[in-house]
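Novice: Structure provided below as C-alpha cells; questions to follow.
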C-alpha cells in the first residue's frame, strides 16, 4: 500500500511535465486540462475519484488536482500547466508554503472534471 502511495505521489507531482509548452494556440487552458485528464486516466482509478478544480487566484485562472490520500502535496497549476505551488497536503497538511493564502483568497471554485471510473 505504501508503495502504491509513493508511486501515486510521484505521478501526481509530475503531472505538469506532460503539458504542451510550445505554441500559444495549443497552450490553452483546455489543452492543459485535457493533458491532466489523460495523465490521470493512464493511472489506475483512485478512491476518492480524481478531480480537477478551477479557481481564480491572484487574478489568474488556476487548476487544483487533489492527491488521493494523506501526506501528499496537492499541485496547483497555472493555465500554462506549470505547477506554481502546493497549497495544501504534505506531512503538515499546509503544503509547500509558497501559496499559504490560497484557500482564503481563491474565488470562483468550479469542478471541471471528475474521474468516473470505479476503483475496484
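Residue numbers (this note's numbering): 1 to 120. Ideal Cβ placement from N, Cα and C applies to all residues, glycine included. Just so you know, these numbers come straight off a predicted model, no measurement behind them.
Taking the alpha-carbon positions, what's the residue 80 to residue 47 distance?
Specialist: Using only the alpha carbons, I get a separation of about 28 Å.
Novice: Nearest-angstrom Cα distance between residue 76 and residue 51?
Specialist: Their backbone Cα atoms lie some 12 Å apart in a straight line.
Novice: Look at the alpha carbon of residue 120 and the alpha carbon of residue 69, and state the distance between them as a whole number of angstroms.
Specialist: Whole-angstrom Cα-Cα distance: 16 Å.
Novice: Looking at the structure shown, is residue 52 part of a helix, part of a strand, or coil, going by DSSP?
Specialist: Of the three classes helix, strand and coil, the one that applies to residue 52 here is strand, per DSSP.
Novice: When we look at the beta-carbon of residue 108 and count the other beta-carbons within 10 Å, is it buried (16 or more) or exposed?
Specialist: When all chains shown are included, residue 108 counts as exposed.
Novice: Please report the distance separating the alpha-carbon of residue 44 from that of residue 118.
Specialist: About 9 Å.
Novice: For my contact list, residue 84 and residue 62 are in at a C-beta cut-off of 8 Å; report their separation, rounded to the angstrom.
Specialist: Indeed, because the Cβ distance is near 7 Å, the residues count as touching under 8 Å.
Novice: When burial is assigned at 16 or more other CB atoms within 10 Å of the CB, is residue 91 buried or exposed?
Specialist: Looking at its Cβ environment, which holds fewer than 16 other Cβ atoms inside 10 Å, residue 91 is exposed.
Novice: Roughly how many whole angstroms lie between the Cα atoms of residue 66 and residue 87?
Specialist: C-alpha separation (whole angstroms): 10 Å.
Novice: Return the CA-CA distance between residue 93 and residue 71, expressed in angstroms with no decimal places.
Specialist: Roughly 7 Å between the two C-alpha positions.
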